[in-house]
Amino acid sequence: MAPSRGPLPLARNLHVTLDGHKGPVNVARYAKGSAKYILTGGQDRTVRLWNASLGTEIKAFTAHGYEVLSISVAHDNAKFASSGGDRSVFVWDVTTGTTTRRLPGHMGKIHAVEFNEDASVLASGSFDSTVRLWDMRAQSRAPIQILEEARDAIQAIHIDSTTILTGSVDGYVRAYDLRQGELRSDYIGHPVTAVVPTQDSQTLLVTTLDSHIRLIDATNGKMLNDFTGHTNSSYRCRACFGHGEASIVCGDENGMVWAWDLLDAKLLQPNPPPQVHSKVITWTEHHPSDAGEMITSSADGTCKVWRHPA
């Protein structure tokens with residue numbers, strides 16, 4: 300849990316700007332562990348691998364025929380999955396820069412892909428309102444399961460050893476318990492664009508298109524906290540936890556990065572925050588292990604790496 304002195308101040312010093320994409324950057328993901336590598340996906344149909352410390356582009360992955368909307372990095376950083384307008388999920392070998400699998404079957408653009416913890420299963424969620432589960436150890440290109448409960452586009456997925464979480468434009472967060480074979484649906488009431496659980500999976504951070512971010516109890520669906528002040532009504536803006544899960548961080552449609560104290564939902568200074576991107580911030584992600592670094596990606600064509608002053 301967070302130390303009693305409260306959350307650390309947000310990393311707000313610009314370290315480097317990654318500006319190799321032509322057009323909006325839709326997603327930015329850190330490599331797993333302590334590595335300082337970032338994968339970004341954009342409207343220009345490319346996925347790019349960056350050295351976050353130097354700000355240099357290492358490699359471009361160019362097999363998509365449409366914009367890239369989602370990236371998931373495997374636990375060992377040897378492969379990643381990406382998806383977007385192609386209606387197929389692409390699985391890549393990082394070293395060779397080539398696709399090792401393409402998984403077809405969705406009827407619309409794929410907004411979300413996510414590996415489970417050991418990358419044995421990949422989940423994909425689409426505009427076609429379905430989630431498809433793929434066995435990464437099998438040769439078959441058919442999904443092992445299709446989840447069809449959503450009534451509108453799937454925008455967010457999280458998968459762990461026991462649960463699959465989905466967020467849909469129909470306003471629901473759905474939790475599929477894989478051991479019990481049960482489904483719990485929590486009606487949030489507004490299109491859900493991101494669902495991020497705490498490390499203990501007891502609470503969920505849910506971003507919705509009504510300029511609210513809600514902390515939800517995963518066991519009963521009860522709202523524990525509500526974070527507001529930012530502007531988010533039209534675009535997918537992903538909120539995340541700050542270091543130690545003591546704060547909530549989210550970029551908004553005005554290019555500002557907001558932060559709140561997890562416990563009392565008070566805005567952390569500065570309030571209002573400065574504008575750091577010229578267009579909507581599409582993705583915010585804190586480094587998995589470094590307390591002093593986070594990234595934001597934006598429709599302005601850049602991804603920015605933020606650090607605490609050394």
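Heads up, my numbering is the position in the sequence shown plus 299, with the first residue counted as 1. Glycine included, every Cβ here is placed at the ideal spot set by N, Cα and C. Treat the numbers as computed from the prediction; the structure is a model and nothing was measured.
Counting only residues of its own chain and dropping the five nearest sequence neighbours on each side, G480 has no CB closer than 8 Å to any other CB. Under the rule that a run must span 3 or more residues, the beta strand (DSSP E) segments found entirely inside the segment 454-499 read 462-467, 471-476, 481-486 and 491-496. Your pair R537 and T497 does not check out as a contact, with CB atoms roughly 15 Å apart and the cut at 8 Å. Taking 3 residues as the minimum length, the beta strand (DSSP E) runs contained wholly in the segment 385-460 are 388-392, 397-402, 409-414, 420-425, 430-434, 444-446 and 453-458, in order along the chain.
The segment 314-333 and the segment 579-591 touch, with no fewer than 3 CB-CB distances between them shorter than 8 Å. Counting only residues of its own chain and dropping the five nearest sequence neighbours on each side, N376 has a CB closer than 8 Å to the CB of A330, K331, G332, A334, Y336 and V393.
Per the coordinates, the alpha-carbon of P442 lies some 19 Å from the alpha-carbon of S369.
Contact between H576 and C549 is absent: CB atoms are separated by about 13 Å, not below the 8 Å threshold. The alpha-carbon of P403 is positioned some 39 Å away from that of A558.
For G520, the CB contacts under 6 Å within the same chain, skipping 5 residues up- and downstream, are D485 in chain order. In the structure shown, H542 adopts helical secondary structure according to DSSP, grouped into three states. In this structure D459 is in contact with S500, their Cβ atoms being roughly 7 Å apart against a cut-off of 8 Å. Collapsing the DSSP output to three states places D599 in coil.
If you ignore the 5 residues before and after D525, its C-beta comes within less than 7 Å of the C-beta of H511, R513 and A564, all in its own chain and listed in chain order. Ranked by Cα distance from G305, the options G591, R606 and H542 are led by H542. Proximity to G383 across E447, A452 and L504 peaks at A452, based on C-alpha coordinates. A direct Cα-to-Cα measurement between F360 and W433 gives close to 22 Å. Scanning the segment 307-372 from its first residue to its last, the whole beta strand (DSSP E) runs of 3-plus residues come out as 312-317, 324-329, 336-341, 346-350, 355-360 and 367-372. In this structure, A411 lies near I456, with their beta-carbon atoms less than 7 Å apart.
Inter-residue distance for R401 and G470 is about 30 Å (C-alpha atoms, whole angstroms).
In this structure V367 touches G340 by the C-beta definition: roughly 3 Å separates them, less than 8 Å.
Of the residues assessed, K378 falls on the buried side of the cut-off, its CB having 16 or more other CB atoms within 10 angstroms. Each residue's CA atom was taken as its position, placing T461 and D476 some 6 Å apart.
For A380, DSSP records a beta bridge to S371 and V390. Excluding sequence positions up to five before and after S387, its CB lies within less than 7 Å of the CB of R401, L402 and P403, all in the same chain and listed in chain order.
Straight-line spacing of the CA atoms in D551 and Q444 works out to 35 Å.
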